[in-house]
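For reference, the structure discussed in these notes is given below.
Number of protein chains: 2
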Amino acid sequence: MFKGQFIHSIDNKGRVSIPAKLRKYISPEANNSFVMTQGIDACIDIYPRDQWQTIEEKLLKLNTFIPKESRFLRLMLQNAHEDEMDGQSRIVIPQNLLEYAQIENEVLIIGALKKIEIWNPKVYKNYIDGSSETFEQIASEVMSL
Amino acid sequence: MFKGQFIHSIDNKGRVSIPAKLRKYISPEANNSFVMTQGIDACIDIYPRDQWQTIEEKLLKLNTFIPKESRFLRLMLQNAHEDEMDGQSRIVIPQNLLEYAQIENEVLIIGALKKIEIWNPKVYKNYIDGSSETFEQIASEVMSL
DNA sequence: CCACTTTTCCCCACTACACCCCAAAATAAT
DNA sequence: ATTATTTTGGGGTGTAGTGGGGAAAAGTGG
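Chains as they are written, first to last, in this note's numbering: chain B, 625 to 769; chain U, 625 to 769.
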């Protein structure tokens, strides 16, 4: 499963190369294809095709006649975008997602098990520094189940 | 299970050799592969591949749509790194982990049952000396279950 | 329907670093 | 003392990451 962090550059065509260390964990069923969408915080979520499938199944269960569920579905899908890696293991990230994550010319790539997250390094630093709780506190809280 | 302590050197490529005494306890299922991550204190945790698996299974149960659980996942994985031993039974420790544990040119390797810990010897000495409680006090507290 | 512009896709090339192999030094065992 | 094993060091090579150019496709306007 995806783990670790990497600093990569993004060129003026919006291309980002997927780190080789992360590529090793992509199953062949994904067919070198990814679905990207806006993440829970100011980042871009990137799912291998097969992993996205399980999310899509959850979304299918939503009742679109209920306004809140309908709204959520729109928010999830409006910026969703599918793309394949090119010969150099890169994907193109569309403009609206780049703006959402406030990305400039450098990206922080974080492996998060089933998905890959793309951050502006500065934004990520603010996100991490922003919490008042320490790693130890959160760890004991979340993992003490 | 891992036990004992060892002083080894770390070269300018970030390589540390795993003590032969500890290698004996690594199960074949680990495939000579380790996952290293930031420890609870100023040290690096190193899990054989198979031991890490149980941690990963716990992490997979988190709901990444809940901000706090998402944050914890990021903190856990951002510095996680997988590597195999080379022909000389060494692993490469990435720069960010070395900085986290304030490691210079010598490391203290401690066997801790399921995992191996890597410390800067000086930092470890401060950590041990730093506690006001004696070994006897902590022992009676923790082991009286 | 055609001509033109713009964007997307694919291929080639350069650079740098990570990995692998070889080998010496040091420690432990016979 | 000799041999074996463990630990440490360094050098060459393949591959990962990056950038750019040209062909194809799509979009726009006359």
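We put the beta carbon where it would ideally sit given N, CA and C, even for glycine.
- Pick out the complete beta strand (DSSP E) segments inside the segment 690-754 of chain U, 3 residues or longer, and give them in chain order. Within the segment 690-754 of chain U, the complete beta strand (DSSP E) runs of at least 3 residues are 705-708, 714-716, 730-736, 739-743.
- Whether U/N744 touches U/Y724 by CB criterion (8 angstroms): Within the second sequence, the letter at position 120 stands for residue 744 of chain U. Within the second sequence, the letter at position 100 stands for residue 724 of chain U. Between U/N744 and U/Y724, the C-beta gap is not smaller than 8 angstroms, which leaves the two residues out of contact.
- State the CB to CB distance for the pair B/E741 and B/S633, rounded to an integer number of angstroms; the pair is presumed to be in contact (CB under 8 angstroms). Counted from its first residue, the first sequence places residue 741 of chain B at position 117. Counted from its first residue, the first sequence places residue 633 of chain B at position 9. Going by Cβ atoms, the distance from B/E741 to B/S633 rounds to 17 angstroms, so no, they are not a contact pair.
- Message: Looking at the ligand FAD, does it come within less than 7 angstroms of U/Q677, judged from the CB to the closest heavy atom?
- Response: Absent from the structure shown: the ligand FAD. Ligands present: none.
- Query: Out of curiosity, what's the CA-to-CA distance linking U/C667 and B/L684?
  - Reply: Here residue 667 of chain U corresponds to residue number 43 of the second sequence, with the count starting at 1. Here residue 684 of chain B corresponds to residue number 60 of the first sequence, with the count starting at 1. Cα-Cα distance, rounded: 45 angstroms.
- Integer-rounded CB distance, given that U/I717 should sit under 8 angstroms from U/V640: Looking up residue 640 of chain U in the second sequence gives position 16. Looking up residue 717 of chain U in the second sequence gives position 93. About 6 angstroms separates the beta carbons of U/V640 and U/I717, which is inside the 8 angstroms limit, making them a contact pair.
- Which same chain residues, not among the five before or five after B/R714, have their C-beta less than 8 angstroms away from its C-beta? As a working note, residue 714 of chain B is residue 90 in the first sequence. Hits under 8 angstroms: R639, V640, S641, I642.
- Query: What distance in whole Å lies between the Cβ atoms of B/Q629 and B/I733, which are believed to be in contact at a cut-off of 8 angstroms?
  - Reply: Position 109 of the first sequence, counted from the start, is the residue given in the question as residue 733 of chain B. Position 5 of the first sequence, counted from the start, is the residue given in the question as residue 629 of chain B. B/I733 to B/Q629, Cβ: 7 angstroms. Contact.
- Residue(s) in a DSSP beta bridge with U/Q662: The sequence position of residue 662 of chain U within the second sequence is 38, counting from 1. U/Q662 is bridged to U/I668.
- Skipping 5 residues on each side, what residues in its chain have a beta carbon closer than 7 angstroms to that of B/A650? Here residue 650 of chain B corresponds to residue number 26 of the first sequence, with the count starting at 1. First, the residue type needs correcting, since residue 650 of chain B is Ile and not Ala in the sequence shown. The beta carbon of B/I650 sits closer than 7 angstroms to those of P672, all from its chain and outside the five residues before and after it, given in chain order.
- Query: Using CA coordinates, which residue listed in U/W676, U/P691, U/L697 is at the minimum distance from U/D707?
  - Reply: Locating residue 707 of chain U in the second sequence gives position 83, where the first residue counts as 1. Nearest C-alpha to U/D707: U/W676.
- Query: Quick one: which chain U residues come within Cβ less than 7 angstroms of B/L684?
  - Reply: Within the first sequence, numbered from 1, the residue matching residue 684 of chain B stands at position 60. The contact set of B/L684 on chain U, defined by CB atoms closer than 7 angstroms, is empty, because the minimum CB distance reaches about 16 angstroms.
- Message: So, at 8 angstroms on beta carbons, what are the nonlocal neighbours of B/R647 in its own chain, with the 5 sequence-adjacent residues on each side left out?
- Response: The residue you call residue 647 of chain B lines up with position 23 of the first sequence. Taken in chain order, the residues that qualify are S713.
- Query: At least one CB of chain B closer than 8 angstroms to the CB of U/L646: is that the case?
  - Reply: As a first step, residue 646 of chain U is located in the second sequence; it is residue number 22 there, counting from the start. Not one beta carbon of chain B lies nearer than 8 angstroms to the beta carbon of U/L646.
- Kindly indicate the opening and closing residues of the alpha helix (DSSP H) around U/S633. Along the second sequence, one-based indexing puts residue 633 of chain U at 9. For U/S633, no alpha helix (DSSP H) run applies; the uninterrupted beta strand (DSSP E) run containing it begins and ends at 629-633, by DSSP.
- Message: Rounding to the nearest angstrom, what Cα-Cα distance links B/Q719 and B/D635 in this structure?
- Response: Against the first sequence, residue 719 of chain B aligns to sequence position 95. Against the first sequence, residue 635 of chain B aligns to sequence position 11. A direct Cα-to-Cα measurement between B/Q719 and B/D635 gives close to 12 angstroms.
- So which of B/M625, B/I690, B/R698 has the shortest CA-CA distance to B/E680? In the first sequence, counting from the first residue as 1, residue 680 of chain B sits at position 56. Just measuring C-alpha positions, the residue of B/M625, B/I690, B/R698 sitting nearest B/E680 is B/R698.
- Message: Am I right that B/Q662 and B/L721 are in contact with their C-beta atoms under 8 angstroms? What's the rounded C-beta distance?
- Response: Taking the first residue of the first sequence as 1, we reach residue 662 of chain B at position 38. Taking the first residue of the first sequence as 1, we reach residue 721 of chain B at position 97. Cβ atoms of B/Q662 and B/L721 come within 8 angstroms of each other, at about 7 angstroms.
- Cβ of B/G711 within 8 angstroms of any chain U Cβ: What you label residue 711 of chain B is simply residue 87 of the first sequence in a count that begins at 1. No - not a single Cβ of chain U is within 8 angstroms of the one on B/G711.
- Message: At the level of alpha carbons, what is the spacing between B/E757 and U/F696?
- Response: Position 133 of the first sequence, counted from the start, is the residue given in the question as residue 757 of chain B. Position 72 of the second sequence, counted from the start, is the residue given in the question as residue 696 of chain U. Those two C-alpha atoms are separated by around 11 angstroms.
- Item | B/S768 versus B/E653: straight-line alpha-carbon distance, rounded | Position 144 of the first sequence holds residue 768 of chain B. Position 29 of the first sequence holds residue 653 of chain B. C-alpha separation (whole angstroms): 35 angstroms.
- Per-residue DSSP class, three states only, for U/S764: The residue you call residue 764 of chain U lines up with position 140 of the second sequence. In the structure shown, U/S764 sits in a helix (DSSP, three-state: H, G or I).
- Message: If contacts are defined as beta-carbon pairs under 8 angstroms, then U/E693 and B/V766 qualify, I think. What distance do you get, rounded to the angstrom?
- Response: If you number the second sequence from 1, residue 693 of chain U lands on position 69. If you number the first sequence from 1, residue 766 of chain B lands on position 142. Right, their Cβ atoms sit about 6 angstroms apart.
- Query: Between which two residues does the beta strand (DSSP E) carrying B/S604 extend?
  - Reply: Because chain B in this structure spans residues 625 to 769, residue 604 of chain B falls outside the shown range and cannot be described.
- Message: Between B/Q629 and chain U, is the shortest Cβ-Cβ distance under 8 angstroms, so that the two count as touching?
- Response: Position 5 of the first sequence, counting from 1, holds the residue named residue 629 of chain B. Yes, its Cβ sits closer than 8 angstroms to a Cβ of chain U.
- For chain U, is any of its Cβ atoms less than 8 angstroms away from the one on B/V659? For the purposes of this step, residue 659 of chain B is taken as residue 35 along the first sequence, with counting starting at 1. Cβ-Cβ to chain U under 8 angstroms: no for B/V659.
- Assigned exposure category for U/D669 - 16 Cβ within 10 Å defines buried: Within the second sequence, numbered from 1, the residue matching residue 669 of chain U stands at position 45. With 16 or more Cβ atoms within 10 Å of its Cβ, U/D669 is classed as buried.
- Message: Starting from U/K685, trace the alpha helix (DSSP H) in both directions and tell me its first and last residue.
- Response: Numbered from its first residue, the second sequence carries residue 685 of chain U at position 61. Counting along the chain, U/K685 falls outside any alpha helix (DSSP H), and DSSP gives it neither H nor E.
- Item | Beta-carbon contacts of U/D674 that lie in its chain and below 7 angstroms, excluding the five residues immediately before and after | The residue given as residue 674 of chain U occupies position 50 in the second sequence. Excluding residues within five positions, the ones whose Cβ falls inside 7 angstroms are S651, E653, A654.
- May I ask you to list, following chain order, the residues of the segment 686-709 of chain U that have a beta carbon less than 9 angstroms from some beta carbon of chain B? L686, T688, F689, I690, P691, K692, E693, S694, R695, F696, L697, R698, L699, M700, L701, Q702, N703, A704, H705, E706: these are the residues of the segment 686-709 of chain U whose beta carbon lies less than 9 angstroms from some beta carbon of chain B, given in chain order.
- Item | the segment 752-764 of chain B: positions lying closer than 8 angstroms to chain U by Cβ | If the cut-off is 8 angstroms between Cβ atoms, the segment 752-764 of chain B has I752, S755, F759, E760, I762, A763 near chain U.
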